[in-house]
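Numbering (our numbering), first residue to last: 1 to 298.
A virtual CB, placed ideally from N, CA and C, is assigned to each residue, including glycine.
Just so we're clear, the structure is a prediction, and the values are computed from it rather than from any experiment.
Read through the structure below, which is laid out as structure tokens, and then see the notes.
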């Protein structure tokens, strides 16, 4: 058993990872947070309040920790500085392993809000610590908003956000790029399960690629019709369409949305699994299972 610290584990993907580690009952987990997290205390989860502006304080908070998993939001220079401070403190505290905050795919050069991840990744590679970055494609939970059953499970780390590209409640779908372009999608709770299992691996590869399911958005729309009885109104957006839109005057949220669609359209979220092969006991939820579970009353 080792002690695992999850930075940003009070919510989002971090909380799904914390829950998965606890469920595995093999390691001790603590949450690093900027503020009190009473919902963690009520569940018996240990937490430590940290100041990302102080490497000294961070170092003390990480004493005795073996593995540090970052789920710090990647948006903005402050977040980048916080993650670099976390990495430096991990080294000073004697941690053995470090996981940077990725949780998507290799499209950091396309999505401007992810640009800080490039800086952090280079620092991680030269840190001297053992490391891996978890790549899981698009979160399957982006199709949960408005579902008719078990919405808390359907949304997972995606709680409080709008649907992405495919809105089953509104009956609309945007198909980016080639209508046959394959996309990796993974339920956030399954990401947590794979991360928990990876803690037991004797050696980490630099990248841990997780594939919950792989299919085209066209196939997702077809599943919505056959499984859920929802005939979606489809809008096709070519790479050229997306690049033209991105030349316009967009706010940060709009730019993020269309850049992520561009990453999908250009194949950045189509990859083969590595961690699935190393953890064959984990059977991730497929898109068809997800739709049946949360969008039908059967």
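Minimum C-alpha distance to residue i - residue among the options
i	options	result
residue 253	224, 195 and 161	161
residue 163	78, 257 and 178	257
residue 20	204, 157 and 38	157
residue 5	55, 26, 62 and 51	62
residue 85	264, 244, 7 and 226	7
residue 233	174, 71 and 97	174
residue 244	228, 261 and 231	261
residue 222	255, 172 and 209	172
residue 218	70, 250, 103 and 287	287
residue 187	126, 147 and 155	155
residue 95	118, 2 and 224	2
residue 206	242, 246, 224 and 127	127
residue 124	212, 192, 16 and 83	83
Span separating the alpha-carbon of residue i from that of residue j
i	j	result
residue 115	residue 183	21 Å
residue 32	residue 143	29 Å
residue 274	residue 202	15 Å
residue 268	residue 129	27 Å
residue 238	residue 265	7 Å
residue 181	residue 215	8 Å
residue 121	residue 23	29 Å
residue 64	residue 18	18 Å
residue 70	residue 177	32 Å
residue 112	residue 40	32 Å
residue 358	residue 290	The question about residue 358 has no answer, for the chain in this structure spans 1 to 298.
residue 59	residue 251	37 Å
residue 13	residue 224	25 Å
Residue i at chain B interface by Cβ criterion, 8 Å
i	result
residue 170	The structure shown contains no chain B; it holds only a single protein chain.
Beta-ladder partner(s) of residue i, from DSSP
i	result
residue 48	32
residue 237	176
residue 183	215
residue 167	172
Under 8 Å between C-beta atoms of residue i and residue j
i	j	result
residue 50	residue 57	yes
residue 11	residue 30	no
residue 230	residue 168	yes
residue 135	residue 185	no
residue 292	residue 227	yes
residue 89	residue 55	yes
residue 149	residue 294	yes
residue 179	residue 236	yes
Exercise for the section: Take every Cβ of the region 275 to 287, pair it with every Cβ of the region 188 to 208, and state whether three or more of those distances are shorter than 8 Å. Expected result: yes
Problem - Segment contact, 8 Å Cβ cut-off, at least three pairs: the region 86 to 100 with the region 130 to 141 - result: yes
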